[in-house]
Ligand code: SF4
Ligand code: SF4
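In the numbering used here, the protein residues as written are 2 to 371.
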């Protein structure tokens, strides 16, 4: 089944954004007042961690502001919410991202998913918790930042909805479902129980390289929107020169979530993705099992920038990291590590790189995938 994905060019946040957003809203009809009036709408930006807007880790506050204004003008009851990877620093994350100030100035509440209660779901063979503020909304407005990701290659609309899982339940699910393909199926199961959602991707400035938190900001120059996050991310793959079949959570989506790309013809010359554990997914399970000592993706620590804050150890779902008094960086228990990259996501100093084993790098080069 085809799902419309609307794309508009938007070279910058300062001048072009308001007009680009209006064009997108008019062309897509996704923000029409008739569908929004009186609805409880939860806006879900990417608030991964405490970075400034220009670092391109979080959704740009100017886009969040425009969306809030549009929803309020349509008569919706608006709130903004998320569950940052490092829950301890929510206040700092809101301040640094600029999204806290936007909520305050626009008079809309910010809802922390850790504090709003949870509901348990059993779906498609998975068991997971979702934040009540998310499942009780009439409509989600999903505002992902388009970034590279060390585990899934791409993070955009689908992965941003994973933020509906509150706090450290996210890392527990990573531990339960470490294989990227299984994790991808979990994301589809979560989508199946969420309320209807409009996804609007912030790809004005995205992130490439060591994403989702330690890569380089890159000007992509567009916005894209759809009511189907899988179709939206598949369309993004086309623009960013990625094969959707190599993005674990897009596997098997071809038939049910085919994008029909409408609007401006945007082109991005290149998009750098990190080396990652998705390569493990390309190998037969028996080979991964037999050669597990040779096939791995693990964090490597850079002593200079590490400030020994311990956030990586707190976030590790496999208890594979320990911060010892006599060491300059956390110590890794390589046998326990499941290669989930949660530590890499939360490190505030860019002191962690996800490193592949030599054999895996060789396979990647041979398959032409890295
Ligand atoms: S690696 Fe990063 S998250 Fe871990 S202790 Fe060092 S600075 Fe903190
Ligand atoms: S050390 Fe990092 S990559 Fe390994 S399991 Fe822990 S959080 Fe995941």
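Where a beta carbon is used, it is the ideal one built from N, C-alpha and C, also for glycine.
DSSP bridge partner residues for residue i (one or two, in chain order)
i: residue 22; result: Residue 22 pairs with nothing; no bridge assigned.
i: residue 150; result: 154
i: residue 142; result: 44, 199
i: residue 123; result: 128
i: residue 1; result: One cannot answer for residue 1 here, as it falls past the ends of the chain, which runs 2 to 371.
i: residue 323; result: 332
i: residue 82; result: 112
i: residue 362; result: Paired residue(s): none; residue 362 is not in a bridge.
i: residue 220; result: 206
i: residue 73; result: Per DSSP, none; premise fails for residue 73.
i: residue 3; result: 259
Counted within 10 angstroms of its Cβ, other Cβ atoms place residue i as buried (16 or more) or exposed
i: residue 53; result: exposed
i: residue 278; result: Any reading at residue 278 is ruled out, since the residue's pLDDT is 48, under 50, leaving its predicted position unreliable.
i: residue 83; result: buried
i: residue 38; result: exposed
i: residue 355; result: buried
i: residue 123; result: exposed
i: residue 168; result: buried
i: residue 216; result: buried
i: residue 208; result: buried
i: residue 369; result: For residue 369, the pLDDT reaches just 44, beneath the cut-off of 50, and the residue's location in the model is therefore unreliable, leaving the point undetermined.
i: residue 225; result: buried
i: residue 59; result: buried
i: residue 270; result: exposed
i: residue 48; result: buried
i: residue 346; result: buried
i: residue 30; result: exposed
As assigned by DSSP and simplified to three states, the class of residue i
i: residue 128; result: strand
i: residue 355; result: strand
i: residue 185; result: helix
i: residue 249; result: helix
i: residue 243; result: coil
i: residue 350; result: coil
i: residue 295; result: coil
i: residue 92; result: helix
i: residue 180; result: coil
i: residue 338; result: coil
i: residue 191; result: helix
i: residue 97; result: helix
i: residue 278; result: Residue placement at residue 278 cannot be trusted, given a pLDDT of 48 that sits under 50; what the coordinates show is reported in the next sentence. Coil, per DSSP.
i: residue 164; result: helix
i: residue 159; result: helix
i: residue 307; result: coil
Where the beta strand (DSSP E) through residue i begins and ends
i: residue 264; result: 259 to 264
i: residue 213; result: Note, residue 213: premise wrong, no beta strand (DSSP E); not H, not E.
i: residue 301; result: 298 to 302
i: residue 401; result: Lying before the first or after the last residue shown, residue 401 is absent from the chain, which here runs from 2 to 371.
Where the alpha helix (DSSP H) through residue i begins and ends
i: residue 170; result: 170 to 177
i: residue 255; result: From DSSP, residue 255 is part of no alpha helix (DSSP H); its letter is neither H nor E.
i: residue 134; result: 133 to 136
i: residue 102; result: 100 to 107
i: residue 313; result: 312 to 316
is_contact[residue i, chain C] using C-beta, thresh 8 Å
i: residue 209; result: Judged by its chain identifiers, the structure shown contains no chain C, having just a single protein chain.
Problem - Residue ranges of each alpha helix (DSSP H) within the segment 5 to 67, 4 or longer - result: Runs of the alpha helix (DSSP H) inside the segment 5 to 67: 18 to 29, 34 to 37.
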